[in-house]
Structure formats: structure tokens, C-alpha cells
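Under my numbering, think of the first position of the sequence shown as 1081, with each following residue one higher.
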Amino acid sequence: MKDILIVGAGGIGTRHVRCFLKTGRCAVSVCEPRTEQLEKIKGEYPVKSVFEDFDTIDLRDFDGVVICTPAHLHVPMAQRCAQETVNVLIEKPLSVNLDGVGQLKATVKENGVVAGVAYVLRHSKGVSILKKKVQQGQIGEVKMVTCVSGQDFRQFRPDYRQIYYAKKSMGGGCILDALSHLVNLVEMFLGKEKQVCAMYDRLELTGVECEDSAALICRFQGGEIASFAMNQFQKPNETLLQFIGTQGNLIWDSTGKQVRFCNTSENIWQVERYEEERNQQFIAQANNFLDAIEGKCRISCTLEEGEQTLRVSIAALESGEKRKTAEMGDVPRASG
């Protein structure tokens, strides 16, 4: 049995507690500064130990740490883990800027630490089906990707004005938060971007300083073009991701839990359905982290991959602000 520490017991941290326990492979401890929330966790889950102050914990007691705090705290906390040779999984986004990312990568490499970013969509069954079909060449060479996604964030987080989402400095807004999931996912297929153009605004949500809607266009180093459109106020909770190739199209419908394929102008679609509960992705991600700690596999999203997604998010925010296309070569590399 491994010992895992979850740092931050908000919405995502609580889900990690639940899903790491579901693996049956680890004991779980929790660090959370809010005494009332910590007592709630203790009452609902069989956690091993609880802490209120991250700085006073002996991290060497743990095989891995999962950081679920607001994004501006991710890198300093991960740096401490890496310095003490403790494996670390960092919730997305990696950070709100590139400060300290270079130093973190260097420490991780020097100390042989397993470190990754928790982009959980990489563990979706639908994505696995999509990836297999693309890799098998079912639609030929991918040339374009389109993604349309939205949900009513107010319904899922009624307290959105009081959490990280409300403030840019804490990683709020749809570009760094929800949209980065999809950017990271497309990067898994197409690699790195070379240009990013974005437009965004706060179209509906009140009481926050960040954007709730965004449209991005990215050109990748291989020449492919991807477009992303997201809002966080629409009533349907849906994501449609389409890969357009030289010999056909593939669509992942996450809400409908299906992958559709068409290679004819008659619009005849072949549909492959799958069953999946939301927690299954997080359990799979937890197992991947535990497997990586045991040396059985690679972490599903590396620090370098998480950094690339962060660089694109930063470029998108700058593009919208300056009203011009951002060249990725102009986005500063991570520094110490």
C-alpha cells in the first residue's frame, strides 16, 4: 500500500480523495486549512491522517502528493515535494505563469521524481477509442480539429464567486481552467502549437473578474489547424471534439458517450458507444500515478506537456488582450 497526501480538499481535492481510495492501492491523508472542511472529510472518508498546515508536514512520510490548491500555489508546493524527493501530481493548470517552472523541472529531473499534471480527459474511455482510431489511420492524415464545449458553471459550482475561478491571479477564467483541458487533449494528438489567436470576454457570469467565454484558433508545428469555442453559461453540458482527416471524420461526443466515424459524402455515420461514469477517469488517473511511482509506466501528462498547455493559455490571453495573433516563439520559456 502506498501513502498518498491530498493537499487541498475543495471540490477537486475531495474527488481525488474518493478516487484514490477507490483504487484500493493506497492510504490517503489530507491537508486542508479550513477546519470545518477537514472535519467533513474525516466524517465522510476513511482517511489516515489530516493536517491543516502544508509547511509543517514531513513529506517524506508519503509516496506521492496530489496538489489541489489554487493554481498560483501549485509550483511552490510542487517544488518543495521535488526537493524532498517526493512524487507529485499537480492539478491543472500547472500554474498561472511560468515563474519557477524551469526550476521545478530541473529539480524533478535531478532527484528522479515522478511529476505530472492532472489533465484527466486523457483517461476518458471515449478519448481512448478516438486515439486508437486516429493512430490506426482510420481518417487518414489529420488536418483540422474543431471543438465546441460548454456548461452552466453556476450549476456545478454555485460558490464560483468565492473560489479560485473568480480571480485571474488564482487561475480563474475558462482559458486557464476548463478550456485548457481540451487544448491539452488536442496537443496529445498534434503536438506543439506555433501560433495562437484568441478572443474572449465575460459574457454572462457576474461577480468575477475573468472571462467565461473564449474562442481560440491554433496552428500546430505540423501545419494542422484547431479551433476551440467554449462558454460557461449555456444550459446543455456538452463537448463535441471533431478530428477532420484526409479520408474521413471522427467525432467524440462526451455527453452522448459515443465516437462517430464517417468517410462518405452520404453522411452515413458509424457510431461506437461506451459506458463511463465521471469518477472512472479519476480512478484511472490515480492508478496511472501509482503505476508511475512503481516504475510500471510513464505519467500520462508530463510536466513538459503541462507547461506547453500553460504557454498556450498565456499566449491566448495575450492574443485577446493585444488583438493580434501570438507567435509561440515569442512566449517566454519557463525560467527558474
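Even glycine gets a Cβ: it sits at the ideal position worked out from N, Cα and C.
Legend entry - C-alpha gap between His1261 and Leu1210, whole angstroms: Residue numbering aside, residue 1261 sits at position 181 when the sequence shown is read from its first letter. Residue numbering aside, residue 1210 sits at position 130 when the sequence shown is read from its first letter. Cα to Cα, His1261 sits roughly 16 Å from Leu1210.
Inset, instruction - Flag this pair as yes or no: are the beta carbons of Ile1086 and Val1130 separated by less than 8 Å? - result: Residue 1086 sits at position 6 when you count from the first residue of the sequence shown. Residue 1130 sits at position 50 when you count from the first residue of the sequence shown. Cβ atoms of Ile1086 and Val1130: not closer than 8 Å.
Inset, instruction - Return the Cβ separation of Gly1196 and Leu1383 in integer angstroms, given the expectation that the two are a contact with Cβ distance under 8 Å. - result: Counting from 1 along the sequence shown, the entry for residue 1196 is found at position 116. Counting from 1 along the sequence shown, the entry for residue 1383 is found at position 303. With a Cβ gap of about 7 Å, Gly1196 and Leu1383 count as contacting.
Legend entry - Cβ contact (3+ pairs, closer than 8 Å) linking the region 1203-1219 and the region 1341-1357: yes
Inset, instruction - Please report how far the alpha carbon of Gln1183 lies from the alpha carbon of Asn1167, in whole angstroms. - result: Taking the first residue of the sequence shown as 1, we reach residue 1183 at position 103. Taking the first residue of the sequence shown as 1, we reach residue 1167 at position 87. Distance between the alpha carbons of Gln1183 and Asn1167 is about 16 Å.
Inset, instruction - In the DSSP assignment, find the unbroken alpha helix (DSSP H) run with Ala1151 in it and report its ends. - result: Here residue 1151 is taken as the residue at index 71 of the sequence shown, counted from 1. Note, Ala1151: premise wrong, no alpha helix (DSSP H); not H, not E.
Inset, instruction - Taking Asn1191 and Ala1162 to be in contact with their CB atoms under 8 Å, please state how far apart those CB atoms are, rounded to whole angstroms. - result: Numbered from 1 along the sequence shown, position 111 holds the residue referred to as residue 1191. Numbered from 1 along the sequence shown, position 82 holds the residue referred to as residue 1162. The Cβ separation is near 6 Å, so the contact holds.
Legend entry - Cβ contact (3+ pairs, closer than 8 Å) linking the region 1387-1397 and the region 1271-1283: yes
Legend entry - Own chain residues within Cβ distance below 8 Å of Leu1285, not counting five before or after: Walking along the sequence shown from the start, residue 1285 turns up at place 205. The answer, listed in chain order, is Phe1233, Arg1234, Tyr1240, Asp1292, Gln1312 and Phe1313.
Legend entry - Environment of Phe1323 [buried if 16+ CB atoms lie within 10 Å]: Locating residue 1323 in the sequence shown gives position 243, counting from the first residue. Buried.
Legend entry - Per DSSP, cross-strand counterpart(s) of Leu1169: Counted from its first residue, the sequence shown places residue 1169 at position 89. According to DSSP, which records beta bridges pairwise, Leu1169 is partnered with Val1146 and Gly1196.
Legend entry - 6 Å Cβ shell around Ala1185 - same chain, five flanking residues per side excluded: Here residue 1185 is taken as the residue at index 105 of the sequence shown, counted from 1. Sequence inspection shows Lys at residue 1185; the Ala mentioned does not correspond to that position. Around Lys1185: Leu1383.
Inset, instruction - With DSSP collapsed to three states, give me the class of Asn1329. - result: Position 249 of the sequence shown, counting from 1, holds the residue named residue 1329. Asn1329: strand per DSSP, three-state reduction.
Inset, instruction - Locate the alpha helix (DSSP H) running through Arg1098, then write down its first and last residues. - result: Translated into positions along the sequence shown, residue 1098 becomes position 18. Where Arg1098 is concerned, the enclosing alpha helix (DSSP H) stretches over Gly1091 to Lys1102.
Inset, instruction - Compute the distance between the beta-carbons of Pro1173 and Gly1251, then report whether it is under 8 Å. - result: As a working mapping, residue 1173 is identified with position 93 in the sequence shown. As a working mapping, residue 1251 is identified with position 171 in the sequence shown. For Pro1173 and Gly1251, yes; Cβs fall inside 8 Å.
Inset, instruction - Counting only the same chain and skipping the five closest in sequence on each side, list residues whose C-beta sits under 8 Å from that of Glu1387. - result: Against the sequence shown, residue 1387 aligns to sequence position 307. Cβ within range, chain order: Leu1174, Leu1178, Val1181, Lys1185 and Ala1414.
Inset, instruction - Tell me whether Tyr1354 sits in a helix, a strand or coil according to DSSP, three-state version. - result: As a working mapping, residue 1354 is identified with position 274 in the sequence shown. If DSSP states are grouped into helix, strand and coil, Tyr1354 belongs with coil.
Legend entry - Reference Asn1267; option with closest CA among Val1127, Thr1115, Glu1171 and Cys1227: Working through the sequence shown from its first residue, we reach residue 1267 at position 187. Before going on, a small fix: residue 1267 reads as Glu here, not Asn. Among Val1127, Thr1115, Glu1171 and Cys1227, the Cα nearest to that of Glu1267 belongs to Cys1227.
Inset, instruction - Would you mind sorting Leu1283 into buried or exposed? The rule is 16 or more other CB atoms within 10 Å of its CB. - result: As a first step, residue 1283 must be located in the sequence shown, where it is residue number 203. Its Cβ having fewer than 16 others within 10 Å, Leu1283 is exposed.
Inset, instruction - Provide the residue(s) that pair with Gly1230 in DSSP beta bridges, ordered along the chain. - result: The residue labelled residue 1230 in the question sits at position 150 within the sequence shown. DSSP output for Gly1230 lists Asn1311 and Glu1318 as bridge partner(s).
Inset, instruction - Kindly indicate which residue of Glu1119, Val1176 and Ala1295 has the alpha-carbon position closest to the one of His1154. - result: If you number the sequence shown from 1, residue 1154 lands on position 74. When each option's Cα is compared against that of His1154, the closest is Val1176.
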